[in-house]
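Undergrad:
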Amino acid sequence: MGLDPRHSEVEIEGDALAIVKKINVNVEDGSIISAFIKDLKALSEGHRRCHFVHTTNEKNGLAHLLAIEGIKKKGNNLS
1 MGLDPRHSEV
11 EIEGDALAIV
21 KKINVNVEDG
31 SIISAFIKDL
41 KALSEGHRRC
51 HFVHTTNEKN
61 GLAHLLAIEG
71 IKKKGNNLS
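Residue numbering for the sequence shown follows UniProt numbering, starting at 1 and increasing by one per position.
1) Could you have a look at Glu-69 and say whether DSSP puts it in helix, strand or coil?
2) What's the gap between the Cα of Glu-9 and the Cα of Asp-39?
3) Any idea which residues DSSP pairs Gly-14 with across the strands?
4) Between the stretch 46 to 64 and the stretch 11 to 20, are three or more C-beta pairs nearer than 8 Å?
5) Strictly by DSSP, which residues pair up with Glu-9?
Put into structure tokens, the structure is as follows:
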């Protein structure tokens, strides 16, 4: 995820509620995804306001379609 520092106020939506909750608390995360959470928090520090919000899968349809197209073009590197 790339954030343009020229945008001082950003809102990032995600459909993974557990991740959104972990990002929004000021507690050291000890879970298996802690490195991911730390990276997201570090990326957000260059902005005056960076708010992470939860959205449902249904509302996140465009992001899902873009991810599917990316996998088709580049191959699935997730496995």
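Don't be surprised by glycine CBs; every beta carbon is placed ideally from N, CA and C.
TA: Inspection of the coordinates gives the following:
1) helix
2) 18 Å
3) His-54
4) yes
5) Arg-49
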